[in-house]
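Structure, as structure tokens:
Protein chains in written order, with our numbering: chain H, 1 to 211; chain G, 212 to 886.
Encoded structure:
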């Protein structure tokens with residue numbers, strides 16, 4: 001009996017403390033979560049594409065990170081040259097070059113919003129919210145660009161019309177079935193966006209503060 | 212066993228079978244067949260038509276129950292792998308074959324002593340250097356008589372890393388690296404011309420064993436045949452193998468001189484007999500040819516004595532003698548003279564009946580089994596008894612002063628098997644299998660203790676078709692035989708296949724040696740590319756072959772990245788220095804770059820080609836017609852060809868592997884301007 005009482009007491013104390021902590025962190029925690037998620041996302045794939053054809057029983061995979069490409073890039077480039085497509089590494093060169101600084105900057109903005117409880121820091125964190133949308137839009141642009149800038153002199157140019165490979169979902173190019181999926185990095189960026197959005201709303205609704 | 216099975220050894224029943232009879236037979240064959248047959252019929256129950264469909268096929272093809280169970284035991288469905296790989300020699304085809312078991316599908320022909328254009332073996336590039344390693348006094352030898360493949364071993368088990376194979380005709384051995392299944396080295400034995408007692412490896416592949424067959428004076432120099440006894444000699448060679456380099460190192464190898472007895476097969480001791488090696492011999496009569504001179508034919512003269520000599524060699528001791536400098540250097544090779552070998556306890560002889568062929572050490576290393584060839588027995592020597600006889604020291608010597616241990620003191624048992632016993636393999640149940648050439652049969656017999664209590668006894672004989680030479684059981688000459696299957700290599704096929712002219716294929720037969728079952732022939736596999744003498748069968752998973760070369764620019768000859776490799780498209784180039792034109796090129800789907808080369812007649816051409824592909828199976832050929840050049844450039848591989856452009860004209864070059872949809876377009880021109 002005594003043990004139960006004591007147990008309940010401990011539990012309620014923990015709950016109370018946690019409550020207090022959440023209250024204190026209420027408009028800080030979402031920004032901190034966003035900062036961590038963004039930083040982590042730098043190390044994870046944002047997008048990947050699997051190409052399946054009879055002669056590739058295991059499929060070919062291209063994995064896009066914010067900073068680099070991985071997987072069967074050389075093989076896919078080799079195949080793409082038959083339809084006159086540019087090399088994958090020629091896409092988004094500028095974006096990839098600035099990505100580490102850009103995302104680090106966004107993570108710092110989120111961190112700033114988490115530390116400095118001001119409205120203006122929260123508003124700056126809006127950039128974190130729009131970031132994954134910008135990524136998807138840019139991806140879509142490059143997919144369109146690649147599919148619409150085929151070398152007219154390529155061997156199979158007459159066999160293929162301009163096309164846009166799917167950014168998400170399944171498409172078909174020649175004998176290849178192409179499956180495109182978002183990667184864990186992009187999901188983290190979405191998580192960061194939602195988390196930041198929550199933080200922004202919480203802060204804007206909260207008691208008026210300076211700035 | 213079902214009533215459909217006839218006595219083992221008689222032709223299989225021809226009676227067509229009911230489904231019930233079929234099931235009965237299927238159930239009895241082995242666990243593997245049982246599972247296979249059950250799954251077929253279970254599927255039949257799910258899809259109700261299969262039972263009837265199977266019956267229909269059986270009826271149409273007039274199959275017996277044995278046929279159907281054999282098919283179920285050997286069929287490997289499309290896309291599935293075989294469980295075992297068999298490496299066999301091809302006799303005077305000069306190559307090595309790789310078959311999958313139990314399907315017996317031919318998976319690969321490895322070019323070894325004979326140029327093989329599909330692999331680009333011997334048609335330009337570093338493979339020419341490998342073949343040149345086996346030239347005889349500078350004379351090109353572009354074939355071989357491969358007999359006995361030996362897989363490298365670790366602790367007496369196959370480790371799947373290397374394969375060694377001998378060339379009886381020219382006294383050479385070759386090293387195949389099982390990372391890429393390519394021949395890396397051919398080496399000529401500088402002491403002998405003709406050999407047979409190789410290749411066999413010591414339990415950790417410290418040495419590869421090779422011995423002469425037809426004796427010659429050491430180094431193969433001239434001596435009149437009438438001086439056979441005095442001048443001709445036998446040679447037992449211990450080739451040192453450097454696993455790191457993947458090469459045999461002649462400077463660290465040595466040989467033991469013997470009397471000019473013809474050495475036949477060999478085996479290395481293991482377990483208790485580790486450090487020892489055993490060779491059979493024939494022609495201890497010291498017969499020489501000369502029919503016109505009134506001498507009997509060799510086949511008669513060599514078969515006069517009832518006993519020849521088993522050679523028992525302490526190679527650990529021999530190593531010590533070599534280290535202590537007790538050798539002579541002959542033709543650049545270290546040789547322990549036979550008087551030294553006799554005096555120092557390195558070489559002993561034991562009588563053995565009669566002109567024997569195989570000498571095979573039992574899995575535990577405790578017995579040595581000699582197959583009598585002209586004697587119907589296998590003679591089993593006990594290694595422990597041999598050691599006691601050596602300790603006892605009451606031996607005679609042969610006429611060369613080599614100790615001859617008393618036969619009775621060394622023999623454990625003799626088992627009468629039949630006519631023409633040649634070669635023995637072992638399973639995991641304590642049985643031995645010996646080929647009987649004259650009987651055209653396999654004898655299954657029980658080993659004695661510690662293997663079995665009912666030992667030293669013939670169990671069963673299975674007729675095979677026809678004139679069996681060697682046989683190979685799964686890992687059947689290692690410390691851990693795996694049983695289940697035996698492949699018999701028959702010299703004659705006579706009536707087994709459709710007539711294809713007077714040169715008939717050899718007949719390899721897959722035999723089931725499942726425990727507690729009679730042996731039975733499951734499958735006939737014609738070999739139309741040479742005569743497999745011996746074979747070894749290894750579990751597939753022991754072999755870890757590369758799917759592509761580890762890095763772009765890989766030189767398979769050095770097993771490292773070639774300094775002349777071109778790693779990227781766009782970095783290819785042509786340089787002219789005086790009369791030398793050097794080309795650094797790449798191949799990829801579907802281009803050979805550069806694709807236009809113009810030289811002047813008489814220019815020396817050095818042409819480096821790198822396949823920069825990283826996709827499995829994206830191999831490109833490179834053929835230059837008119838200049839006898841054809842390379843196989845596997846993904847990542849770099850090769851260098853050198854030749855003098857001595858024929859003026861216009862020479863298209865192209866990719867010989869159908870690599871892609873634009874394979875035909877993968878070409879270029881090599882123009883040689885006349886001077």
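Quick reminder that beta carbons are idealized off the backbone N, C-alpha and C, glycines included.
Worksheet item: Which residues in chain G sit within 7 Å of residue 74(H), going by Cβ to Cβ distance?
Response: 825
Item to complete: Using a Cβ cut-off of 7 Å, pull out every chain G residue sitting near residue 78(H), in sequence order please.
Response: 799, 800
Worksheet item: For chain H, is any of its Cβ atoms less than 7 Å away from the one on residue 647(G)?
Response: no
Discussion item. Nearest by alpha-carbon distance to residue 695(G): which of 392(G), 712(G), 641(G) is it?
Written reply: 641(G)
Worksheet entry | Cβ neighbour criterion (16 or more within 10 Å) applied to residue 705(G) | exposed
Worksheet item: For a contact meaning CB atoms closer than 9 Å, what does residue 873(G) contact in chain H?
Response: 82, 155, 156
Worksheet item: Taking the alpha carbon of residue 711(G) as the point to measure from, which residue in 725(G), 449(G), 738(G) has its own alpha carbon closest?
Response: 738(G)
Worksheet entry | Spatial distance of residue 814(G) from residue 853(G) (CA atoms) | 11 Å
Worksheet item: In terms of DSSP beta bridges, what is residue 656(G) paired with?
Response: 643(G), 669(G)
Worksheet entry | Inter-residue Cα distance where the pair is residue 378(G) and residue 604(G) | 38 Å
Discussion item. Using the Cβ count rule (16 or more neighbours within 10 Å means buried), how would you classify residue 271(G)?
Written reply: exposed
Worksheet item: Which residues in the same chain as residue 361(G) place their Cβ atom closer than 6 Å to its Cβ, once the five residues preceding and following it in sequence are excluded?
Response: 375, 410, 411, 412
Worksheet item: If you count every other CB in all the chains shown that lies within 10 Å of the CB of residue 355(G), and 16 or more means buried, which is it?
Response: buried
Worksheet item: Going by other Cβ atoms of all chains shown within 10 Å of its Cβ, with 16 needed for buried, is residue 94(H) buried or exposed?
Response: exposed
Worksheet item: With a cut-off of 8 Å, do at least 3 Cβ pairs link the region 678 to 697 of chain G to the region 595 to 610 of chain G?
Response: no
Worksheet item: Does the beta-carbon of residue 12(H) have 16 or more other beta-carbons within 10 angstroms, so that it is buried, or is it exposed?
Response: exposed
Item to complete: Under 7 Å Cβ to Cβ from residue 19(H), same chain only, skipping five residues before and after it: list those, please.
Response: none
Practice prompt. Identify, in the order they occur along the chain, each residue of the same chain with its Cβ nearer than 8 Å to the Cβ of residue 153(H), setting aside the five sequence neighbours on each side.
Written response: 84
Worksheet item: By how many angstroms is the C-alpha of residue 858(G) removed from the C-alpha of residue 540(G)?
Response: 46 Å
Discussion item. Is the separation between the beta-carbon of residue 578(G) and that of residue 591(G) shorter than 7 Å?
Written reply: yes
Worksheet entry | Buried or exposed by the 16-neighbour rule on C-beta atoms within 10 Å, applied to residue 359(G) | buried
Worksheet item: Roughly how many angstroms separate the alpha carbons of residue 86(H) and residue 174(H), rounded to a whole number?
Response: 16 Å
Worksheet entry | Meets three-Cβ-pair contact criterion under 8 Å: the region 62 to 82 of chain H and the region 191 to 202 of chain H | no
Practice prompt. Assign residue 773(G) to one of two classes, buried (16 or more other C-beta atoms within 10 Å of its C-beta) or exposed (fewer than that).
Written response: buried
Item to complete: For residue 822(G), write down the residues that DSSP places opposite it in a beta bridge.
Response: 798(G)
Fill in: Proximity of residue 325(G) and residue 305(G) at Cβ, strictly below 7 Å
yes
Discussion item. Among 146(H), 169(H), 167(H), whose alpha-carbon lies nearest the alpha-carbon of residue 160(H)?
Written reply: 146(H)
Item to complete: Under 8 Å by Cβ, that's how I've got residue 300(G) and residue 716(G) pegged, so tell me the actual separation to the nearest angstrom.
Response: The pair is not a contact, with the Cβ atoms about 15 Å apart (cut-off 8 Å).
Item to complete: Leaving aside the five residues before and after residue 802(G) along the sequence, list all residues of the same chain whose C-beta is less than 7 Å from its C-beta, in chain order.
Response: 877
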